[in-house]
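Participant:
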Amino acid sequence: MARLALLLQVVALVLGANAAGGKSETADEISRLNNQSLLWGPYKPNLYFGVRPRVPHGLWTGLMWSKVDDYVDARDGFRYTCEQGDSMHGYGWDEYDARVGGVQTFHDEKNKIDITTSFIKIPGGKHGGSWAARIKGELRDDAPPDTKFMLFYYVVQEGAGGVAPQGKGTKFGFEGDVTFKGTSQTLGDYTLLVTKGEGEHPTSDHYLNSLRRGDTTLVQSGKYADDVAWQGQQVVYGQLQEAVAYIQKNFPADGLPPAWQVYRVDHKPGEGNVHVVEKSFEGSFEFDVLFSSGSANAPITSEDVTHELTSRSKSFSERFSQVFDLKTPYKGEEYQTFGKSMFSNLLGGIGYFSGHQLIDRSYATEYDEDTEGFWIEAAEARARKAQKLEGPYELFTSVPSRPFFPRGFLWDEGFHLIPIAEWDLDVALEIVGSWYSTMDEDGWIPREQILGPEARSRVPEEFQVQYPHYANPPTLFLIIEGFMKQLRQSKEAGIKVETGSLYNAHVENPEIGEEFVRKIYPLLKRQYDWFRKTQRGDIRSYDREAFSTKEAYRWRGRTETHVLPSGLDDYPRPQPPHPGELHVDLMSWVGFMSKSLMNIADDLGLSDDVADLKKNLIAIEHNLNDLHWSEKEGTYCDATIDDFEEHTLVCHKGYVSLSPFFLGLMKLDDPKLGKTLDLIGDEDLLFSPHGIRSLSKQDPLYETGENYWRSPVWMPINYLILTELHNVATHSGPHQARARDLYSRLRKNLVDTVFKSWKETGFAWEQYHPETGAGQRTQHFTGWTSLVVKIMAMEDLAETTAKDEL
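Read left to right, the sequence shown gives residues -16 to -1, 1 to 790 (mature numbering (1 follows the signal peptide of the UniProt record, and there is no 0)).
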C-alpha cells in the first residue's frame, strides 16, 4: 500500500506538471520526492545493521549482539561492525530496495544463531516518513535450546536536538515497551519505540537474580563527545566494564553469577545524546524498533510491519524477475535466489558519509614526476605530511565491501552503478551527482572518499591521504552513457509516463533527464580537461613519431611496483619507472571519455564541442596504434624510453593490453581486433575456466609479488570484455563467429565460478583463482562482483545460434 500511494503521488504530479507545461516544477518536485523516499536507510554499511538518515546530523542507530553462555562468549562473539573474522557462513541482504527496505540475514555460526533484520520505510509527512526494523533470532540446528544472548540497540542523536526515554521503568528496567521522544533540526519531532518483543528470558538461582532480571529491558543514557559517540562498541564495552567491576568487587571468584547476569548495563535512563538499550534472551527471540516521524499521519505499529513485510517480499521478487530477466541456463530458482542476494547486497551496501578528509594540496614540485628517480622524490614529499583536513564533504555511495572497504571508491563506483541503474536509474543518478559534488574547481575528484573519523578508523594511515594529481579510471562515464541511450530512446518514443515511479523518472520524463544532463555536462567536461592536462604524457621530448603530438598519457602517482591510481595496483609496468612512460590503459580511458562526451554534446546540440571531441578521439585512435601497438607481440603495450633514449614497448599481456578493446575503441573490421580475440581466447595466456586472467600465464611476473592483479580473475574487467564481445558477436564483421564463441564460453565460466563459490562459502569475493575458481582476498565483496547478475541476464548467444541454425 505504501509503494502504491507513492506511485500514485508521482503519477498525479507528472501528469499535472506536463499538462501545465511546468518543466522546472516537475523536476523540483521529483527531486523532493527522491529525497523523501531515500532519506532513511541502512546507510552505515560498516555496521551489520546501522540505520541513519541521508543528512549530516540526525538520529542514527546500530545493532549489537553476542552469545553469553559464558564469559568468553561476550568477548569473542560480540558483533557490531562487519568483520571478516567473525565466523559467519554468509550474511547480508536477501532482498533490498532502497526506496522501501528489505530483509537481511546473518548466519552466525560462532554464536549459534541466525539473525534476521527486516527494514521497511513508510512514506508520509515532511521528514522522510517513518521506518521500522524487526530483529529476529533463530537458533541454529547445533545450538542448545537454552543458549543465552545479549542484544544492544545503540541510539545516537547527532547535532542540535535531543532524544530521551519516556519514564524510568522500575529499578530492574523497563518491563514493557521502551519509548524515546526526540527532536532534530533535520528530522523534526519523532518517536522511537523498542518493543518488549517475544521470546524466553534467562533466569538463575543466584541471589543476584532479584536485582539483575533477564526479563526487563535496560537503558543507560549518557552524554558523549562527537569523537566518542560513533565508537559504539567501545561505549558499550565501557558500560559493561563498570558492571563487571561491581561484580568483581562484591562477589568472590567462586560465587560469581552466570555470564548473562554479569554483562548487564546499569539501568540509568535519562537525558543524553547516546542511549544503550539492552535485552537478554534464552533461545529464539523477536522484537521491533519503530521510528515514527511526528509529521506522519499516524505512528507505525508492529502490525504494520508484519503486513508490509509480506507484501513487499512478493513485490520485490516479481520486480527482480522483470528487471533482471535471467537467461538460459540461469533461469532456475537457485539462480534467482543467488541473483537476488548478490544484487540486494550491492544495493544494501549504499552508505551516506559526511565529514572531513585528508588532502595534500602542497603541489610540491616532486609531484610533477618529471625527473628520473621521480618515485623516490615523490615518496620523500609525501613523507613531509603536508596534508590537511578539508571539508566537510558529503557522499552518497555504494561500497565495495562492508567489512573491508566501507567507503567510497571512484573507479569501483561506475561498476557498482551498472546493475543499480538497471533497477533504479534515479538512485544511480543521485549517486553520480553526489560524487561530482565533491569535485574541486580544477576537475579533480578524490579517488577514495574517507570522510570523518569513523571512516578513517578502517583505513591504514598510508592510504588515508588524497593527492590532487592522482587520477582514477572515470567509470562514472559508463553510467552517463547508458543513461543517455535510454534518454534518446524515450525522446524518440515521445514523452509519456509509463509507471509513474521514481525508479526511472528521469527517462520517463525526458525533459527532466535532459535538464540533468545539461547540469552535469560541464562537470564531465571539467573532469575530462583535468585528465588531459594533469596526466599528459611526453611525446615531443623523445622524438616519438605519432599522428598527434598531444595525445599520450601517463598515470601520475606510480611507485616502483605499483600504480594505484590506475586501479590495477601491482599490474606490471616498465622497469625502472621513467618520466617518458606512456600507459595504454590511461590513453584508452581518455579515448572512452572523448567518445562519451562527443555523444552527449551531440545530443545537447553543442556542435563546437562535438567537433573538438571528435578531433581528440581520432587523434587518440591513431596514437593508440602509433605509440602502443606491437606488431611483433600482436597486442597493445605500455611504452617507455630505453637506454638509448628511444621509444620502446614493454609488453605484459593482460588487462592493460585489452583496454582499447573493452573500452570500445576498436573497429569491427580492424585486423588488430582478430589478434586481440586470439589473445583473449588463448588458454595458455589469458582464457581460463573461470574467466580472463589479469595477466598472461606466460608472463615472467605471473603470480609473483603481491599477486593482486598478476593472475586472478576480476569481475569488472571481465564484464567489460564480455560486453564488447557481445557487441562484436551481434554485428556483421570478419570476427563475428569468433567473438560469439568466446562470449558464450566466457559468460558461462564467470557465472559458474561466482555461483559455485557463493554456494560453498556464503560470500561473493574480490577476485577468483584462475585455475581453481576459489574466491580470494576480501570476502563479502558484493561491490563490482555483483555484476554477475547483469551477466546472467545477458543474451545466451549459444541458444540464439542453435535457433538460427534450425
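The beta carbon of each residue, even a glycine, is placed where N, CA and C say it ideally should be.
Here the structure is a predicted model, which is why all the values come from computation and not from measurement.
Roughly how many whole angstroms lie between the Cα atoms of G85 and I705?
Facilitator: The straight-line gap from Cα to Cα measures roughly 33 Å.
Participant: On the three-pair Cβ rule with 8 Å, is the segment 257 to 264 touching the segment 140 to 158?
Facilitator: yes
Participant: Mind checking whether R124 and I97 have CB atoms under 8 Å apart?
Facilitator: In contact: R124 and I97 (Cβ atoms closer than 8 Å).
Participant: Output the distance between the C-alpha atoms of F156 and M326, rounded to the nearest integer angstrom.
Facilitator: 44 Å
Participant: Provide the residue(s) that pair with G618 in DSSP beta bridges, ordered along the chain.
Facilitator: For G618, which the question treats as bridged, DSSP gives no partner whatsoever.
Participant: Just to confirm before moving on: does the CB-CB distance between L310 and A782 stay below 8 Å?
Facilitator: The Cβ-Cβ distance between L310 and A782 does not fall below 8 Å.
Participant: Mark R391 as exposed unless 16 or more other C-beta atoms lie within 10 angstroms of its C-beta, in which case mark it buried.
Facilitator: buried
Participant: Could you name the residues that DSSP lists as bridge partners for I676?
Facilitator: F671
Participant: Within 10 angstroms of the Cβ of T483, are there 16 or more other Cβ atoms? Answer buried if so, exposed if not.
Facilitator: Low confidence applies here, because T483 scores a pLDDT of 47, under 50, leaving its location unreliable; read the following figure in that light. Answer is exposed; the Cβ neighbour count stays below 16.
Participant: Have a look at T349 and Q760 and give me their C-alpha separation to the nearest angstrom.
Facilitator: 39 Å
Participant: So the beta strand (DSSP E) residue 791 belongs to, where does it begin and stop?
Facilitator: Here the chain covers residues -16 to 790 and nothing more, so residue 791 does not appear.
Participant: Who pairs with A623 in a beta bridge, going by DSSP?
Facilitator: Beta-bridge annotation (DSSP): A623 is paired with L566, L633.
Participant: Straight-line CA distance for W514 to H453?
Facilitator: 9 Å
Participant: Please report how far the alpha carbon of G61 lies from the alpha carbon of G121, in whole angstroms.
Facilitator: 15 Å
Participant: Which residues bound the alpha helix (DSSP H) around S421?
Facilitator: That residue, S421, is in no alpha helix (DSSP H); it is neither H nor E in DSSP.
Participant: In the DSSP output, what is S264 paired with across the bridge?
Facilitator: M134
Participant: Tell me, to the nearest whole angstrom, how far the beta carbon of G658 is from that of H719; I am working on the premise that it is less than 8 Å.
Facilitator: 5 Å
Participant: Check V84 in the structure and name its three-state DSSP category.
Facilitator: coil
Participant: Would you mind sorting G595 into buried or exposed? The rule is 16 or more other CB atoms within 10 Å of its CB.
Facilitator: First, the residue type needs correcting, since residue 595 is Ala and not Gly in the sequence shown. By the neighbour-count rule (16 or more Cβ atoms within 10 Å), A595 is not buried but exposed.
Participant: Roughly how many angstroms separate the alpha carbons of K7 and M699, rounded to a whole number?
Facilitator: Model confidence at K7 stands at a pLDDT of 49, short of 50, so the residue's coordinates are unreliable; what they give is reported in the following sentence. Cα to Cα, K7 sits roughly 40 Å from M699.
Participant: Kindly indicate which three-state DSSP category G121 falls into: helix, strand or coil?
Facilitator: strand
Participant: I'd like to know whether the C-beta atoms of A116 and S205 end up nearer to each other than 8 Å.
Facilitator: no
Participant: Note down, in chain order, each residue of its chain lying with its Cβ closer than 7 Å to the Cβ of G5, except the 5 sequence neighbours on either side.
Facilitator: Caution is warranted here: a pLDDT of 42 is assigned to G5, below 50, making its placement in the model unreliable, and the coordinate value is therefore given only provisionally. If we look at G5 and ignore the five residues flanking it on each side, it has no Cβ neighbours.
Participant: Have a look at F646 and L401 and give me their C-alpha separation to the nearest angstrom.
Facilitator: Straight through space, the alpha carbons of L401 and F646 are spaced by roughly 18 Å.
Participant: Put P718 into one of helix, strand or coil per three-state DSSP.
Facilitator: coil
Participant: Consult DSSP for V501 and reduce its assignment to one of helix, strand or coil.
Facilitator: Correct three-state label for V501: helix.
Participant: Could you tell me if A439 is buried or exposed, where buried requires 16 or more neighbouring beta carbons within 10 angstroms of its beta carbon?
Facilitator: buried
Participant: Have a look at A282 and V697 and give me their C-alpha separation to the nearest angstrom.
Facilitator: 52 Å
Participant: Using the beta-carbon count (16 or more within 10 Å), is Y347 buried or exposed?
Facilitator: exposed
Participant: What's the C-alpha gap between H185 and T737?
Facilitator: 44 Å
Participant: By DSSP's criteria, I106 is part of a beta bridge. Which residues make up the other side?
Facilitator: S114
Participant: If you count every other CB in all the chains shown that lies within 10 Å of the CB of A58, and 16 or more means buried, which is it?
Facilitator: buried
Participant: My output table needs one value for Y174: the three-state DSSP class, helix, strand or coil.
Facilitator: Y174: strand per DSSP, three-state reduction.
Participant: Is DSSP giving A477 helix, strand or coil here?
Facilitator: helix
Participant: If I follow the unbroken alpha helix (DSSP H) through G665, where does it start and stop?
Facilitator: 655 to 665
Participant: Would you report the Cα separation of T285 and L274, rounded to the nearest angstrom?
Facilitator: 7 Å
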